[in-house]
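As structure tokens, the structure follows; a few thoughts come after it.
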Amino acid sequence: MVAAERRSVDERVQKIIDLKNQVCTGNDKNFVVINQKGIDPPSLDQLAREGIVALRRAKRRNMERLVLACGGEAVNSVDDLTP
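Under this note's numbering, think of the first position of the sequence shown as -6, with each following residue one higher.
Okay, here's the thing in structure tokens:
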């Protein structure tokens, strides 16, 4: 059970990494993931190795403000990510 869950989480993290690689060509761009819930330490390490800043346990209102300030897009699932 634990191994299956780890694989599932790793697949979701890989989708985020793949999106970053599609969108951010070169080293002059940043990629940030903001999550309202927790992110486990192994996933944080994977994201950090790829140069992705991950914030966890953000408040909904703060996320809404960031979208307005930065022009980002809030999504409910990793499956909804698009370049």
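From the three backbone atoms N, C-alpha and C, an ideal C-beta is built for every residue, glycine too.
Next item on the list: In the DSSP assignment, find the beta strand (DSSP E) that holds alanine 47 and state where it starts and stops.
Entry: As a working note, residue 47 is residue 54 in the sequence shown. It spans 45 to 48 - the beta strand (DSSP E) in which alanine 47 sits, taken as one unbroken run.
Next item on the list: Pull up the DSSP beta-bridge partners for valine 25, would you.
Entry: As a position in the sequence shown, residue 25 is number 32, starting the count at 1. Val46, per the DSSP bridge assignment.
Item checked: Residue from Asp72, Ser36, Asn23, Arg53 with nearest C-alpha to glycine 44 -> Your numbering for residue 44 matches position 51 in the sequence shown. Measuring from the Cα of glycine 44, the nearest candidate turns out to be Asn23.
Notebook entry, point to check: In chain order, what residues of the same chain lie with their CB nearer than 8 Å to the CB of arginine 50, ignoring the 5 residues before and after it?
Noted result: Here residue 50 refers to the residue found at position 57 of the sequence shown. The residues are Asn28, Gln29, Lys30, Gly31.
Margin query: Quick check: what's the CA-CA separation for arginine 5 versus glutamine 39?
Written below: For the purposes of this step, residue 5 is identified with residue 12 of the sequence shown, where counting begins at 1. For the purposes of this step, residue 39 is identified with residue 46 of the sequence shown, where counting begins at 1. When rounded, the distance between both Cα atoms is 11 Å.
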